[in-house]
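> Following the working numbering, the numbering of the sequence shown begins with 1498 at its first residue and continues without gaps.
Here a beta-carbon is modelled for each residue, glycine too, at the ideal position from N, C-alpha and C.
Just so we're clear, the structure is a prediction, and the values are computed from it rather than from any experiment.
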Amino acid sequence: VALSTEDGVPGAIYEPFLNDRPFLLQPGDGTRTVYLLLRDAAGNVSDVFSDDVIIDSLPPAAPSIVVADGTAFIKTETDVPVALAAAGATSMRLSTDGVFDDEVTVAFSPTANVDLPTGDGPKSVYALFLDDAGNESSPCRDQAKRSPGSDNSCQKDHTAGNSDCQRQMPVCVSVPYTHRNLPTTKE
């Protein structure tokens, strides 16, 4: 058998046939073509066979997650909507504890519903995105607070992110005022 990355396998150097043989390809992502020649014990050479190999070493890009449409406070732990995005993702895993140990990998979807742990307080949802080659993104996290008395009126409206995950941060401002602290104008 002789292998090459050049069509026609120029300068073919034949080696004994093995079912599995390591073969180095040029570094970097993209499509590579591998060419193969076979030669039998009598010296007869086959036609050239070829096949394309796609190298993909990059994880899905720009992963993001938004819990409950960006609402800072939620009233329920069940069936909470989650919006998801990651360029190049074909599957994903969701977690409510940040540990991806027994979470099932499912086909990527831009929306999902999750059941959060019971009780009041902050609730986080984590997402991990995968592509067809099995490359994983860094985990993303978003959070909403479970509060039975919340009115869902305080929206997350400040965006913060890092190179691994784009995330919405809750910002709620309540400013009490009376007519005494309103500015006055002199005429």
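#1: By Cβ distance, which residues of its chain are closer than 7 Å to Ala1609, with the 5 residues on each side in sequence left out?
#2: Can you list, in chain order, the residues of its chain whose CB lies under 7 Å from that of Ala1641, leaving out five sequence neighbours each side?
#3: Run through DSSP, which three-state label would Ala1509 get?
#4: Helix, strand or coil, according to DSSP, for Ala1499 in the structure here?
#5: The beta strand (DSSP E) spanning Pro1619 covers which residue range?
#6: Does the distance from the CB of Tyr1511 to the CB of Val1531 come in under 9 Å?
#7: Pull up the DSSP beta-bridge partners for Ala1641, would you.
#8: Applying the criterion that 16 or more other CB atoms from any shown protein chain within 10 Å of the CB defines a buried residue, is Ser1634 buried or exposed?
Well, looking at it:
#1: Val1579, Leu1581, Leu1591
#2: Val1564, Ala1565, Thr1568, Ala1569, Phe1570, Ile1571, Lys1620
#3: coil
#4: strand
#5: Residue range 1618 to 1627 is occupied by the beta strand (DSSP E) that includes Pro1619.
#6: no
#7: Lys1620
#8: buried
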